[in-house]
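Those sequence lines, one after another, are chains Y and Z. Going by the numbering used here, the first sequence opens with residue 3, and the numbers climb by one from there. Going by the numbering used here, the second sequence opens with residue 3, and the numbers climb by one from there. See structure below.
Protein chains: 2
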Amino acid sequence: MKKIVVDMMGSDLGSVATKEGVSLFHEKHPDVELILVGKEAELKDMTFAKIVNADDVVEMTCGALEVIRRKGSSMVIALNTAKEENADGIISAGATGAFLSAATLILKKIPGVQRPALVTAFPQLEGNGYTTLLDVGASNTNTPEELAQFAFMGTCYSRAVYGIKEPRVCLLSNGSEEGKGSPVGKEAYQLLKEMKNINFAGNIEGDKLLKGLADVVVSDGYTGNVMLKTTEGTAKGMGKLLKQGFMSKLRCKIGYLFAKPAVKLLTSKLDPSNVGGAMLMGVNGVVVKAHGNSTGKSFHSAMEVLYHLIEGDVITKIKDAFVEEKAE
Amino acid sequence: MKKIVVDMMGSDLGSVATKEGVSLFHEKHPDVELILVGKEAELKDMTFAKIVNADDVVEMTCGALEVIRRKGSSMVIALNTAKEENADGIISAGATGAFLSAATLILKKIPGVQRPALVTAFPQLEGNGYTTLLDVGASNTNTPEELAQFAFMGTCYSRAVYGIKEPRVCLLSNGSEEGKGSPVGKEAYQLLKEMKNINFAGNIEGDKLLKGLADVVVSDGYTGNVMLKTTEGTAKGMGKLLKQGFMSKLRCKIGYLFAKPAVKLLTSKLDPSNVGGAMLMGVNGVVVKAHGNSTGKSFHSAMEVLYHLIEGDVITKIKDAFVEEKAE
């Protein structure tokens, strides 16, 4: 039986969104054991799950250093519970920096991993696949060696989650030719070219990301985070503008009624609440960070990501790959 | 009489696109003197303009160092012509790195400027204004001091081009709070906080860019370039997906016929060919880089940007501002 620990208190909406998300998940997967960590009084109606009380809540402004002292917080108790109970996965919508550092500290890095990375996936607009992107914010600066390792970790992820045998790995850059890129990126390019355990396909620019030309895109955490948010912001902004346009004229209003399915397809494809979660890759355990402003629906979707990663046995696969790597 | 020099040969489509763009521009502004640099045989029908022959064409792969030796190229001859003829502005669709370095070398930096920046503007999806963004690719790494100067240069641009008196300047970051950002960004934040000649409004994340919360957004050239291309790619991809959706069902096709104006409004607002050009700011002269894959329409639009910058007397304003700055 799979076992998942949920930090119920981290999101901007408190336990309202997480409770809704957990309930939706439980309906779909009644066979998964759920351990919910948070204020007992708010959770007592969740009778289908085990409740672990935690009175303290880590604020969204809580930093990576501060969280260590918050031993009574739902976030830290959830991580310790996951470790003690040998859970298959853990999820939180709490402060990113705090969650990532506490997870690394408590669950420890997989042997061989220099630095964990936050991994997410983009829908490919042309085609039905997904492009794996890392790091999207676990670090704000990385070494060329770390980027090279991200390429390998991304390859493992793409294989485990999307079943792509030889994922094409590209390096995010400001130009497609070799020799373009940030100083760190240029050095990473040279390392990637020599790696035998990945299928390196050169540099990729930001405008090609959604085209499906790469299965894995590697970036430093700072630029990856900016890119992720820019994509979300552009998609959201366009959706809003489109709606305004439809409502501006009677003729457009009528058109909208007819064309609704097409518009829905578009907005749902790029709606972040349909992806909802990013995995912290490189630690012992499936760790998913949900959006801080998660709704019930998007928290549920992040839980589905977590479940999918557990089912794909991604941690074992990464561990094995790193062990093999060392042996070679 | 205003005088503009055009490198006719740089674009992917050769002189076909530039000729169309120049003709459209001339129709609208018959009073502007045009000097066209390129292969005379291809340009001889452009009888309304002065033609300067250049037999060599700089390839798109030409780098910043190589261009210096290409004295017979349309790019270098155009820049030298602009200098000798004391032209008001110059435009090229040629290789970015080559054009920027040749322009800096030939036209020289404005006294006081540490490093020129490539400047462009984004339409604000909520509202009718534009957000000025720099650097979008003149450098691939910058110092905190350069970022601080970009903030001041962007302020000058926003004032001259959009008439905003006290533009709100934000620093691109991976989080809105102080203390977020790349190592260089964090140091720049401290400098920006102390500057008296700009209206600093803190950090901004990529998803807020199109919201119009900032009039000027400052970034290092590498991340700025990635962000610009990501926005373009997302907008283009969504437009394509929307069209596919409309065509997938008869009912949606009918809807599209009615809703067309709304869709057109959307795609035109984010169509790069409606902005089309970026200014190299910090050198002596109005220097505009058009997209390498410019069509006639987008090259014309880039020429309009150039014209607008000349009309706004942006170079004099920047020079004056830098002199004042020194005197204070």
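Heads up, the beta-carbon is just placed ideally off N, CA and C, and yes, glycines get one too.
Taking CB atoms only, Y/M283 has no neighbour in chain Z less than 8 Å away. For the stretch 184-211 of chain Z, the residues whose beta carbon sits under 7 Å from a beta carbon of chain Y are, in order, S184, P185, E207, G208, D209, K210, L211.
Z/F324 sits in a helix when the DSSP states are folded into three classes.
Counting along the chain, Z/F152 sits inside no beta strand (DSSP E); it lies in the alpha helix (DSSP H) bounded by residues 146-164. When secondary structure is reduced to three states using DSSP, Y/P118 falls in the coil class, being assigned neither helix nor strand. Considered as a whole, the stretch 46-125 of chain Y harbours 76-86, 98-109 as its complete alpha helix (DSSP H) runs of no fewer than 4 residues, in chain order. Residues of the stretch 26-46 of chain Y whose Cβ lies closer than 8 Å to any Cβ of chain Z: none. Under DSSP, Z/M281 takes part in a beta bridge, and its partners are Z/V121, Z/V290. Chain order gives the chain Y residues near Z/L174 as V228, where near means a beta carbon separation below 8 Å. Residue range 298-313 is occupied by the alpha helix (DSSP H) that includes Z/I312. The beta carbon of Y/A292 sits no closer than 8 Å to any beta carbon of chain Z. Judged by pairs of C-beta atoms under 8 Å, the stretch 295-302 of chain Y does not touch the stretch 43-50 of chain Z, as fewer than three such pairs exist. The three-state reading of DSSP puts Y/L38 in strand, counting E and B together.
Between the alpha carbons of Z/V78 and Z/H302 lies a distance of about 21 Å. Around the Cβ of Y/G284, a 10 Å sphere holds 16 or more other Cβ atoms; the residue is buried. Under the DSSP assignment, Y/A19 falls in the alpha helix (DSSP H) whose first and last residues are 17-30.
The C-beta of Z/Q151 has 16 or more other C-beta atoms within 10 Å across all chains shown, which makes the residue buried. By the criterion of a C-beta distance shorter than 8 Å, Y/T63 is surrounded in its chain by A97, once the five residues flanking it on both sides are discounted. About 6 Å separates the CB atoms of Z/L173 and Z/Y191; that is less than 8 Å, so the two are in contact. Between Z/K242 and the set Y/Y132, Y/G40, Y/K213, Y/K238, the nearest pair of CA atoms involves Y/K213. Against chain Y, the CB of Z/N142 has a partner CB under 8 Å away; the residue lies at that interface. Z/N227 sits in a helix when the DSSP states are folded into three classes. Beta-bridge partners of Z/N130 (DSSP): none assigned.
Residue contact check for Z/A237 against chain Y: a CB pair falls below 8 Å. Under the three-state reduction of DSSP output, Y/V220 falls in the strand class.
In this structure, the straight-line span from the alpha carbon of Z/G129 to that of Z/V163 is close to 17 Å.
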